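Following the UniProt record's numbering, the numbering of the sequence shown begins with 1 at its first residue and continues without gaps. Below is one structure, written out as structure tokens; the observations come after it.
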Amino acid sequence: DDRQELRSILVSMGVRQQDPSEVLEHHVLPLLCDAATDQAVLVACLAFVKDVVPHCRVSERLWEQHKGRALIVTSRGPVRPDAACLHFSRRYNNPFDLPELLPEPWLVSDAYLDVSKTPDVGSWREFLAKLGVTDFLTAQCRRRVVCAEDDDFEQFTWNADGGGSYFVEDWQCDEFVDVMRGLLGAHAVDPAASAECARVPVSART
Numbered sequence: 001d002d003r004q005e006l007r008s009i010l011v012s013m014g015v016r017q018q019d020p021s022e023v024l025e026h027h028v029l030p031l032l033c034d035a036a037t038d039q040a041v042l043v044a045c046l047a048f049v050k051d052v053v054p055h056c057r058v059s060e061r062l063w064e065q066h067k068g069r070a071l072i073v074t075s076r077g078p079v080r081p082d083a084a085c086l087h088f089s090r091r092y093n094n095p096f097d098l099p100e101l102l103p104e105p106w107l108v109s110d111a112y113l114d115v116s117k118t119p120d121v122g123s124w125r126e127f128l129a130k131l132g133v134t135d136f137l138t139a140q141c142r143r144r145v146v147c148a149e150d151d152d153f154e155q156f157t158w159n160a161d162g163g164g165s166y167f168v169e170d171w172q173c174d175e176f177v178d179v180m181r182g183l184l185g186a187h188a189v190d191p192a193a194s195a196e197c198a199r200v201p202v203s204a205r206t
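Set out below in structure tokens:
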């Protein structure tokens, strides 16, 4: 066809065809991780990643190394996956109307669905979910240090060989505090106290 003929002409002129993994490494990922990149370009770059990564092991390894720094376009601007609680909007078939629950939820931009004429909501949901995007409230694991002298933990039995302090992995949901504040209004408890109530220690080790 015409495209194949054009490709042959370009190759005969010395134009080198780049492998998708090379395009990803040298062009797409640098743009996707740069805060100065235009939002439309960020959307196009992530769409490229979504299409290429499943079919190339080299690209998959590159993506695993960089996805934590990739910028996701949201209703509140570009943000890295671990810097905010990211959620699907209603266009991504989210059954929850989060703007009715949360004051300013980080909703993934619908622009990703507009990249193609026939948006595949299912594949975008699967891809974005691997980056931590959810339908509802998000609990995040946070590591903190607790000591035997802390009032909140004095009721626990402490190992005498533990040195008096432990690293604890807590699951904390700041969004839950926002929801309760909206529901209770003037009767809401202190936000700091609410945050403590939302924490659920799941493991501890010296």
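We treat Cβ as the ideally placed atom computed from N, Cα and C, and that holds for glycine. Note that this is a predicted model, so its numbers are computed, not measured.
Item to complete: Would you give the residue range spanned by the beta strand (DSSP E) that Cys45 belongs to?
Response: Premise fails: Cys45 lies in the alpha helix (DSSP H), Gln39 to Val52, not in any beta strand (DSSP E).
Worksheet item: Where do the ends of the beta strand (DSSP E) carrying Gln140 lie?
Response: Gln140 to Cys147
Discussion item. Can you tell me which residues form a DSSP beta bridge with Val79?
Written reply: Ile72
Worksheet item: When the Cβ atoms of the region 54 to 72 are set against those of the region 96 to 103, are three or more pairs found closer than 8 Å?
Response: no
Discussion item. Please state whether the Cβ-Cβ distance between Leu46 and Tyr92 is less than 8 Å.
Written reply: no
Worksheet entry | Delimiting residues of the alpha helix (DSSP H) encompassing Phe127 | Val121 to Ala129
Worksheet item: Measuring CA to CA, which of Cys56, Ser109 and Val11 is closest to Ala44?
Response: Ser109
Discussion item. Does Val168 come out as helix, strand or coil in the three-state DSSP assignment?
Written reply: strand
Discussion item. Quick check on DSSP: helix, strand or coil for Val11?
Written reply: helix
Worksheet item: Taking the C-alpha atoms as reference points, what is the distance between Trp171 and Ser165?
Response: 19 Å
Worksheet item: Between the beta-carbon of Asp51 and the beta-carbon of Phe88, is there less than 8 Å?
Response: no
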